[in-house]
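According to our numbering, the sequence shown holds residues 76 to 286 in order.
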Amino acid sequence: MQGNGHKPVILVVDDEEGIRDIFKESLEEVGYLCKVVANGHDALDLMAREPVDLALVDMIMPGMSGMDLFRQMQVKHPDVGVVFVTALGELQMAVDTMRSGAYDYVTKPVHFDQLMRCVQAALEHRKARNEDRHRKDRLEKELDLKAGEVDKRAREITALNQMFQSYLHRDIDMSDMARRVAQVAERTSEELRKLADEAKRIAGEAAAKSN
């Protein structure tokens, strides 16, 4: 189960009513929220309307197969984890889907303990994957922000240099002007150094998380 008061939502996609009923009863008995549909089209319609954490998908169904549904989910609902329910003769297909991004598969007849272990592991995997993606998005935004600050400082230094050059040919107190320019340049340089250090920290954290 997941924290923060969120009950994971499991979607069962199977053309056999008996299997849908058994899965729904078993999953809700241990505290999950369970939705059931009889085919891939209904599954896509439901996911377009409601949040789903994990889909238990029958491999062989009339009309849209489990594999066809999985391919569409990868495009339309990549955040939803997928576990296939398959017969022994369909194992190679299930293995192929795992290579394509599905989390796991369970074989029929499905045992309750096996199903619960697989569901829990798939949900934990999905949570970790989403956290990594959100962390990456946050780091990218931080880097963009720092890059914008560096660009701003660079423009300020350019403007400062242009101003300084324009005063070189004027009859003014250059010592005072030079001192003021030096103070601004020193402060800007220190800010740029801090920005560079922060950018290195963010890049290092991103690299560490990607390994």
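Where is the CB? At the ideal position from N, CA and C, for every residue including glycine.
Rounded separation between residue i and residue j - CA only
| i | j | result |
| --- | --- | --- |
| L129 | E199 | 11 Å |
| M148 | K183 | 23 Å |
| H209 | G156 | 16 Å |
| P83 | R228 | 47 Å |
| R146 | M122 | 14 Å |
| D89 | S101 | 15 Å |
| E103 | R213 | 35 Å |
| R124 | E231 | 49 Å |
| R192 | D154 | 20 Å |
| Q85 | Y107 | In the sequence under discussion, the amino acid at residue 85 is Ile, which differs from the Gln named in the question. So the alpha carbons of these two residues sit roughly 7 Å apart. |
Coarse secondary structure for residue i, derived from DSSP in three states
| i | result |
| --- | --- |
| G141 | helix |
| D128 | coil |
| I85 | strand |
| D179 | strand |
| D90 | coil |
Residue(s) in a DSSP beta bridge with residue i
| i | result |
| --- | --- |
| G106 | G106 is not bridged to any residue. |
| G156 | L129 |
| T161 | T182 |
| V194 | DSSP, once it has assigned bridges, lists no residue as partnering V194. |
| V112 | V88 |
Cut-off 6 Å between Cβ atoms - residues of its own chain near residue i, not counting five sequence neighbours on either side
| i | result |
| --- | --- |
| G115 | M139, L144 |
| R201 | G156 |
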